[in-house]
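Enquirer: In UniProt numbering, the protein residues as written are 1 to 77.
Just so you know, even glycine gets a beta-carbon here, dropped at the ideal spot from N, CA and C.
Predicted model only: the values in this text are computed from it and were never measured.
Mind having a look at this structure? Questions to follow.
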Amino acid sequence: MKKSKRKLIKFSNYSFCITLPKSAIDAMAWKKGDTVNATFDEKAKKIVVTKSKIVSKPSKKKGSSPQDLKEVPELRW
């Protein structure tokens with residue numbers, strides 16, 4: 001496993017981000033727009049990023065029903 005140093009970048013008042021090496025992204029066959037999961041292990045002080053295994057299929061319905069709608073969380077700004 002290769003290590004590389006990265007700096008935290010302030011993204012907003014409520015979040016930070018880091019960049020990932022292109023070589024690592026290419027090796028994992030990830031691409032722009034892929035959904036990833038970030039797992040925070042507070043005890044071990046680690047953050048693990050994995051590709052999401054959920055693949056969404058496009059809906060064949062033209063409209064959406066109330067059951068399809070999800071509640072939007074309140075924004076903090």
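Opposite phenylalanine 16 in the DSSP bridges: which residues?
Expert: Lys10
Enquirer: When the Cα atoms are used, what is the spatial distance from proline 27 to leucine 20?
Expert: The residue asked about is misnamed: residue 27 is alanine in this sequence, not proline. Using only the alpha carbons, I get a separation of about 12 angstroms.
Enquirer: Can you tell which of Phe40, Ile9, Thr35 has the C-alpha that lies nearest to the C-alpha of lysine 51?
Expert: Thr35
Enquirer: Roughly how many angstroms lie between the CA atoms of asparagine 37 and isoleucine 25, to the nearest whole one?
Expert: In this model, asparagine 37 and isoleucine 25 are separated by some 14 angstroms (Cα to Cα).
Enquirer: Can you give the Cα-Cα distance for lysine 10 and isoleucine 18, rounded to whole angstroms?
Expert: 9 angstroms
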